[in-house]
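Structure record follows, encoded as C-alpha cells.
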DNA sequence: TCAAAAACTTGAACTACTTCAAGAAATACA
DNA sequence: TGTATTTCTTGAAGTAGTTCAAGTTTTTGA
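Residue numbers (my numbering), protein chains in the order written: chain S, 241 to 430; chain A, 241 to 430.
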C-alpha cells in the first residue's frame, strides 16, 4: 500500500516499482493544524503542498483588513504560490489549513532531484498545472458573468458538501461578495 | 537563424542541434487576420497557439451579449483553452486575433509526438503552465482588491504601451468594468 | 462541560459601478 | 481619398452590492 500522491500520479503517468520506491522514500505526510500557516505574505515559497486529507486555502488580507480567499485546496489538489516559487520573490499570499489537514510537503530541492531521477514526473506536473490554469480561467469567467447570487447557487450545486465544510465567510470571499450578503442570499432576503 | 518558439524554449531548457532540427521541421508560422477566430465557443480545442508577433485574445460573450476579454496573449505567450484541450469538451471561449498576428499553431497530435521524441519539452511546458497559473492568481488578487480606477491605473503603469495597442472596450472588459466607465476614468470624471 | 472565541444574522444608510441613448471622433480599407 | 465602420464620450437614472453596528447562535478546546 502506498501513499496518496503516488496513486494520484499513476492516474496520469505509469510508474514502475523502482520509481514508486524512490517516491515513497522521499515523500512523507505531515499534519497541519487548523488555522496554522505554511506560507505567510512576504515569505519566499519553496514548497508545494499536496493535500492528502483535509482542506487548505490561499488567501490575502485586503486593504480594509479583511481576508479574501483566492483558492481552496482539498484532497488531491496541489497548493502553492507558483510565482514566488519560480521567481524566488516574496509571496503575496497566505496559505493556511482550514481544518486540520494532512499534506505531502514537497520542497523545491527535493522536487528538483526527483524530476532529474524520474523525468516522467515532468509530464505529471505539466498536466496538473495546465488543468489548474484551465480551472482558473473558468473561475474568472464565472466571476465576470454571474451575479453574486448566481455564483452562490452555482457553487452550491456543484459542490454541495464543500459548502458545509468551510466557514461561510471564507466561501463568501472566495465568491467575491461580503459575508453579510451571503447571509442574506441564504435567508432568501435578496 | 531559427524560429521564435525555439528561442523561447531555450530560455528554459537546453536543446541540442538535432532537437532544434526536429522542432523546426514540425513548427510553422501562420498568420491570423485581425478579428479572425482560431476557436469559437462550443468547439473542441485541439491546438495551442504561440504568439510570435501581434496579439490574440480569449473572450466570452456574456448573457447581456457583451464581449468580455479573459486573457490577452502577446509575443511569447501561449494561448489555448486547456480545459477543452485536456478533457476534449466543448470550449466556453472564443480565441481571436486582436490585430493581424503571427502564431505557431501546435496541434495536439503534433505536440504529443514532439513530447515523445523530446521528453525535455515536458519541463518547458510545465514551467510555462505553472507561470501562467501564477499570473492568473495574481490577476484574481487584483480583481478582488482594487477598485476599477485602481485596476486601470495599475495596468496602465505596468503596461503603458499595451494600453495603446488594443481597443479601450476590450481592455475595460479585461479589467472587469464597462467601456463607458473606462472613458470616464480616463477623462478624470470619476 | 462550559466559557471564550468564532461565525452568522439583520436592517438601514450608502456608493461604486452599470445601463441607456445619442452624438462625436477615429480608423480601416475599397 | 472618402465613406462606412468601429470606437469613444457624456450625462442622467438606476441598482447590485457594501459597510456598519449590534445582537444571536454555534463551535472550539481546556
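Virtual Cβ for every residue (Gly too), placed ideally from N, Cα, C.
(message) Between residue 369 of chain A and chain S, is the shortest Cβ-Cβ distance under 7 Å, so that the two count as touching?
(response) Translated into the one-based positions of the second chain, residue 369 of chain A becomes position 129. Yes, contact with chain S.
(message) For a contact defined as C-beta to C-beta under 7 Å, what are the partners of residue 381 of chain S on chain A?
(response) Locating residue 381 of chain S in the first chain gives position 141, counting from the first residue. Annotation: Cβ neighbours of residue 381 of chain S in chain A (cutoff 7 Å, chain order): 300, 310, 332.
(message) Within 10 Å of its beta-carbon, does residue 321 of chain S have 16 or more other beta-carbons around it, so buried, or fewer, so exposed?
(response) Locating residue 321 of chain S in the first chain gives position 81, where the first residue counts as 1. The residue in question, residue 321 of chain S, is buried, as its Cβ has 16 or more Cβ neighbours within 10 Å.
(request) Would you mind reading off the limits of the alpha helix (DSSP H) that contains residue 385 of chain S? (result) In the first chain, residue 385 of chain S corresponds to position 145, counting from 1. From DSSP, the alpha helix (DSSP H) with residue 385 of chain S extends over 361 to 385.
(request) In the DSSP assignment, find the beta strand (DSSP E) that holds residue 312 of chain S and state where it starts and stops. (result) Here residue 312 of chain S is taken as the residue at index 72 of the first chain, counted from 1. Unbroken beta strand (DSSP E) run through residue 312 of chain S: 307 to 313.
(message) Pull the bridge partners of residue 288 of chain S from the DSSP assignment, please.
(response) As a first step, residue 288 of chain S is located in the first chain; it is residue number 48 there, counting from the start. Paired residue(s): S:346.
(request) Please compile the residues from chain S whose C-beta is within a distance smaller than 7 Å of the C-beta of residue 359 of chain A. (result) Position 119 of the second chain, counted from the first residue, corresponds to residue 359 of chain A. Under the 7 Å cutoff, chain S gives 359.
(request) Check each candidate in S:362, S:352, S:353 and name the one with the smallest Cα separation from residue 356 of chain A. (result) In the second chain, residue 356 of chain A corresponds to position 116, counting from 1. Out of S:362, S:352, S:353, S:362 has the C-alpha closest to the C-alpha of residue 356 of chain A.
(request) Classify residue 422 of chain S as helix, strand or coil using the three-state DSSP reduction. (result) Taking the first residue of the first chain as 1, we reach residue 422 of chain S at position 182. It is helical.
(message) I'd like to know if residue 385 of chain A contacts chain S, where contact means its C-beta is closer than 7 Å to some C-beta of that chain.
(response) Walking along the second chain from the start, residue 385 of chain A turns up at place 145. Chain S contact via Cβ: present.
(message) What would DSSP say about residue 297 of chain A, mapped onto helix, strand or coil?
(response) Numbered from 1 along the second chain, position 57 holds the residue referred to as residue 297 of chain A. Correct three-state label for residue 297 of chain A: strand.
(request) Flag residue 405 of chain A as yes if its beta-carbon sits less than 7 Å from any beta-carbon of chain S, otherwise no. (result) Taking the first residue of the second chain as 1, we reach residue 405 of chain A at position 165. Using beta-carbon distances, residue 405 of chain A does not count as an interface residue toward chain S, since no partner is under 7 Å.
(request) Less than 8 Å between the CB atoms is what I'm expecting for residue 431 of chain S and residue 421 of chain S, so what's the real figure, rounded? (result) This structure does not reach residue 431 of chain S, given that chain S is present from 241 up to 430, and the question cannot be answered.
(request) Out of A:415, A:382, A:265, A:291, state which residue places its alpha-carbon closest to the alpha-carbon of residue 299 of chain S. (result) What you label residue 299 of chain S is simply residue 59 of the first chain in a count that begins at 1. Comparing Cα-Cα distances from residue 299 of chain S to each of A:415, A:382, A:265, A:291, the minimum goes to A:382.
(request) Check whether the Cβ atoms of residue 288 of chain S and residue 346 of chain S lie closer than 7 Å to each other. (result) Taking the first residue of the first chain as position 1, residue 288 of chain S is located at position 48. Taking the first residue of the first chain as position 1, residue 346 of chain S is located at position 106. Their beta carbons are under 7 Å apart, which means residue 288 of chain S touches residue 346 of chain S by this criterion.
(request) Identify whether residue 197 of chain A lies in helix, strand or coil by the three-state DSSP scheme. (result) Outside the displayed span of chain A (241 to 430) sits residue 197 of chain A, for which this structure offers no information.
(request) Report the rounded CA-to-CA distance for residue 245 of chain S versus residue 292 of chain S, giving the unit in angstroms. (result) By 1-based counting over the first chain, the position of residue 245 of chain S is 5. By 1-based counting over the first chain, the position of residue 292 of chain S is 52. If you take the alpha carbons of residue 245 of chain S and residue 292 of chain S, they lie about 7 Å apart.
(message) For chain A, check one thing: does any of its Cβ atoms lie closer than 7 Å to the Cβ of residue 373 of chain S?
(response) Here residue 373 of chain S is taken as the residue at index 133 of the first chain, counted from 1. Yes, because at least one Cβ of chain A sits closer than 7 Å to the Cβ of residue 373 of chain S.
(message) Looking at chain A, is there any beta carbon in it that lies within less than 7 Å of the beta carbon of residue 275 of chain S?
(response) Position 35 of the first chain holds residue 275 of chain S. The C-beta of residue 275 of chain S comes no closer than 7 Å to any C-beta of chain A.
(request) State yes or no: is the beta carbon of residue 376 of chain A nearer than 7 Å to at least one beta carbon in chain S? (result) In the second chain, the residue the question calls residue 376 of chain A occupies position 136. Against chain S, the CB of residue 376 of chain A has a partner CB under 7 Å away; the residue lies at that interface.
(request) Determine the burial state of residue 430 of chain A: buried for a count of at least 16 other Cβ atoms within 10 Å of its Cβ, exposed for fewer. (result) As a first step, residue 430 of chain A must be located in the second chain, where it is residue number 190. By the neighbour-count rule (16 or more Cβ atoms within 10 Å), residue 430 of chain A is not buried but exposed.
(request) For the beta strand (DSSP E) holding residue 272 of chain A, just list the boundary residues, first then last. (result) Numbered from 1 along the second chain, position 32 holds the residue referred to as residue 272 of chain A. Here the beta strand (DSSP E) through residue 272 of chain A covers 269 to 272.
(request) Determine the DSSP secondary structure at residue 249 of chain A, reduced to helix, strand or coil. (result) Here residue 249 of chain A refers to the residue found at position 9 when the second chain is read from its first residue. In the structure shown, residue 249 of chain A falls within a helical segment according to DSSP collapsed to helix, strand and coil.
(request) Compare the C-beta of residue 241 of chain A with all C-beta atoms of chain S and state if any pair is closer than 7 Å. (result) Reading the second chain from its first residue, position 1 is the one you call residue 241 of chain A. Bear in mind that the predicted position of residue 241 of chain A carries a pLDDT of just 49, short of 50, making it too unreliable to give a figure here.
(message) Measuring only the C-alpha atoms, how far is residue 274 of chain S from residue 342 of chain S?
(response) Numbered from its first residue, the first chain carries residue 274 of chain S at position 34. Numbered from its first residue, the first chain carries residue 342 of chain S at position 102. Going by the C-alpha atoms only, they are around 11 Å apart.
(message) Tell me which residues share the same chain as residue 403 of chain A and place their Cβ nearer than 6 Å to its Cβ, disregarding the 5 neighbours each side in the sequence.
(response) Locating residue 403 of chain A in the second chain gives position 163, where the first residue counts as 1. Here the set comprises 396.
(request) State the Cα-Cα distance for the pair residue 375 of chain A and residue 305 of chain S, rounded to the nearest angstrom. (result) For this step, residue 375 of chain A is matched to residue 135 along the second chain. For this step, residue 305 of chain S is matched to residue 65 along the first chain. Approximately 23 Å, taken between the alpha carbons.
(request) Report yes or no: do the stretch 323 to 339 of chain A and the stretch 265 to 284 of chain A share at least 3 C-beta pairs separated by less than 8 Å? (result) Yes, they touch.
(message) Out of S:262, S:386, S:247, S:250, which one is the CA nearest neighbour of residue 358 of chain S?
(response) The count along the first chain starts at 1 and reaches residue 358 of chain S at position 118. Of S:262, S:386, S:247, S:250, the residue nearest in Cα terms is S:262.
(request) Say whether chain S places a C-beta atom closer than 7 Å to the C-beta of residue 354 of chain A. (result) Counting from one through the second chain, the residue named residue 354 of chain A turns up at place 114. Not one beta carbon of chain S lies nearer than 7 Å to the beta carbon of residue 354 of chain A.
(request) Can you grab the Cα-Cα spacing for the pair residue 413 of chain A / residue 255 of chain S, in whole Å? (result) As a working mapping, residue 413 of chain A is identified with position 173 in the second chain. As a working mapping, residue 255 of chain S is identified with position 15 in the first chain. If I take the Cα positions, the gap works out to 45 Å.
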